[in-house]
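**Q**
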Amino acid sequence: MFDDAKAFSQLQKKIIDFPETVVVLGSGWNKLLDNVSAEIIIDYDELFGVKTTVPGHKGQLIIASVNKKRVAFMSGRFHMYEGYSAYQSTTPIRVFTKAGMKNLILTAACGGLNKKYRVGDFIILNDIITLFLSLDSPLQEKQFVDLSQPFSSTLRKTALKIAKTNRLSHHEGNYVYYHGPNYESFSDKKALAKIGADVCGMSVAPEVLVARSLNINVLGLAFVTNLAFVKHDHKEVVAQANKASQQMKTLLLSIL
Numbered sequence: 568m569f570d571d572a573k574a575f576s577q578l579q580k581k582i583i584d585f586p587e588t589v590v591v592l593g594s595g596w597n598k599l600l601d602n603v604s605a606e607i608i609i610d611y612d613e614l615f616g617v618k619t620t621v622p623g624h625k626g627q628l629i630i631a632s633v634n635k636k637r638v639a640f641m642s643g644r645f646h647m648y649e650g651y652s653a654y655q656s657t658t659p660i661r662v663f664t665k666a667g668m669k670n671l672i673l674t675a676a677c678g679g680l681n682k683k684y685r686v687g688d689f690i691i692l693n694d695i696i697t698l699f700l701s702l703d704s705p706l707q708e709k710q711f712v713d714l715s716q717p718f719s720s721t722l723r724k725t726a727l728k729i730a731k732t733n734r735l736s737h738h739e740g741n742y743v744y745y746h747g748p749n750y751e752s753f754s755d756k757k758a759l760a761k762i763g764a765d766v767c768g769m770s771v772a773p774e775v776l777v778a779r780s781l782n783i784n785v786l787g788l789a790f791v792t793n794l795a796f797v798k799h800d801h802k803e804v805v806a807q808a809n810k811a812s813q814q815m816k817t818l819l820l821s822i823l
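Counted from 1, the sequence shown has number 733 at position 166 by the working numbering; the numbering is strictly sequential.
1. Should Asn670 be labelled buried (16 or more other beta-carbon atoms within 10 Å of its own) or exposed?
2. Quick test of your reading: Asp755 and Ile690, contact by CB under 8 angstroms. State the CB separation rounded to the nearest angstrom.
3. Below 8 angstroms between beta carbons: does that hold for Met641 and Val603?
4. Count the other CB atoms within 10 Å of the CB of Asn597; is the residue buried (16 or more) or exposed (fewer)?
5. Look at the Cβ atom of Ala795, then the Cβ atom of Val785, and state whether they are nearer than 8 angstroms.
6. Thinking C-beta only, is Ile696 closer than 8 angstroms to Val771?
7. Measuring CA to CA, which of Lys816, Ser652 and Pro586 is closest to Phe663?
8. Apart from the five residues just before and just after Ser719, which ones in its own chain have a Cβ nearer than 7 angstroms to its Cβ?
9. Label Gln627 either buried or exposed according to how many other C-beta atoms from any shown protein chain fall within 10 Å of its C-beta, with 16 as the threshold for buried.
10. Give the DSSP bridge partners of Gly740, in chain order.
11. Who are the Cβ neighbours of Thr732 in its own chain at under 6 angstroms, not counting the five residues just before and after it?
12. Hey, quick one: how far does the alpha helix (DSSP H) through Met641 stretch, first residue to last?
13. State the DSSP-derived secondary structure class of Glu774, mapped to helix, strand or coil.
14. Along the alpha helix (DSSP H) that carries Thr732, what are the first and last residues, could you check?
15. Could you tell me whether the Cβ of Tyr654 comes closer than 8 angstroms to any Cβ of chain B?
16. Tell me where the alpha helix (DSSP H) around Ala585 begins and ends.
17. In chain order, which continuous runs of the beta strand (DSSP E) of length 3 or greater are located wholly inside the region 583 to 634?
18. In whole angstroms, what is the alpha-carbon distance linking Leu819 and Ser632?
19. So what's Ile660 in DSSP terms, helix, strand or just coil?
20. How many angstroms separate the CA atom of Thr575 from the CA atom of Ser780?
21. Could you tell me which of Leu680, Gly740, Gln577 and Ser821 sits nearest to Thr725, measuring between CA atoms?
Here is the structure:
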C-alpha cells in the first residue's frame, strides 16, 4: 500500500508518455469528465494498492486529450481523514512528478469563511495556511520548503482572466487546511477567519507542500459549496457543486 517505487513501476507499464499537466478533481468536480474522451483509465488500487473511500470520488486516473493536449485527471484524491498519513496521501504527487508532471491543478469544494463570499463563488487560491499540518508533515525527502509563493502567479493570472471573461463570480483567497472528517464548529470557523483564512477544506495543502518541494507549478481552484455559520453535510456539498458543473467546465477546460 502506497509504495512510491511500486506505483511508479505500475504507471510506466500502463502509460509510456505521461502528460505534463495533472488535474486533481475534488468533491463535485468530477462532472468535468462527462465530455472528455478518455484514452486510458486506471483504477487507483492498480497503482497505489488502495481505493478512495469518499462519496463522489471515483478513484481513477484518467488520461484524455483536452484542447489538443494530453492531460491526466485524478478523479478523486486521498485524504488524511481516511486514515492515511500526510506522506501516504500525497504519494500520487511524487509518483506523477517522477513520471514527468510539471503543472498541477488542484480543485476542491470548500467552506466560505470570508463574509463577502457566497455559495457558488469560485476562489482562485493565492495562499494557504498550513498550521494544522505541523504534527504530520507530508515532507520527508526535502523538509525546508519555501512557501512564500505556493501558487503559480502565471497560472493564477490566467484563471482570473478566464473567470472575468466568462463573468463567473470569483475572488482570490487564502485556503486553510482542516483535517476532518468532521466539519468545523462555529468557534473553529471564527478562529480560522481571524487568522486570515477566506475558505477552509480538508485537502489541497498537503498536495501543495509536496508539489512545491518538487518545483511543480501549482494552481488552486476552490468552489464555495457552503457558508461558515450554517449547518451543512457532504451531500449538500456535492449537490451545490453539481449545480455549477457547467461553470466548472468553462473555467477549467479554458485554463487547459
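Glycine included, C-beta positions come from ideal geometry on N, C-alpha and C. Everything numeric in this text was worked out from a predicted model, so none of it was measured.
**A** Short version:
1. With 16 or more other Cβ atoms from the protein chains shown falling within 10 Å of its own Cβ, Asn670 counts as buried.
2. Incorrect: roughly 19 angstroms between the Cβ atoms, too far for contact.
3. With contacts defined by Cβ atoms closer than 8 angstroms, Met641 and Val603 do not form a contacting pair.
4. Answer is buried; the Cβ neighbour count reaches 16.
5. No, the pair does not count as a contact, with Cβ atoms beyond the cut-off.
6. Cβ distance not < 8 angstroms, so Val771 and Ile696 don't count as in contact.
7. Nearest of Lys816, Ser652 and Pro586 to Phe663, Cα basis: Pro586.
8. So the qualifying residues of the chain are Asn784, Val785 and Leu786.
9. Counting Cβ neighbours within 10 Å, Gln627 comes out buried, since at least 16 surround it.
10. Bridge partners of Gly740: Leu692.
11. Answer for Thr732: no residue qualifies.
12. For Met641, no alpha helix (DSSP H) encloses it; the enclosing beta strand (DSSP E) starts and ends at Lys636 to Ser642.
13. Helix.
14. Bounds of the alpha helix (DSSP H) holding Thr732 are Ser720 to Thr732.
15. Absent here is chain B; the protein component of the structure consists of one chain.
16. What sits at residue 585 in the sequence shown is Phe, not Ala. That residue, Phe585, is in no alpha helix (DSSP H); it is neither H nor E in DSSP.
17. Counting whole runs of 3 or more residues, the region 583 to 634 contains the beta strand (DSSP E) stretches 588 to 592, 605 to 610 and 627 to 633.
18. Going by the C-alpha atoms only, they are around 14 angstroms apart.
19. The answer is helix: DSSP assigns Ile660 an H, G or I state.
20. Note on residue identity: the sequence assigns Phe, not Thr, to residue 575. The C-alpha of Phe575 lies about 19 angstroms from the C-alpha of Ser780.
21. Ranking the options by Cα distance to Thr725, first place goes to Ser821.
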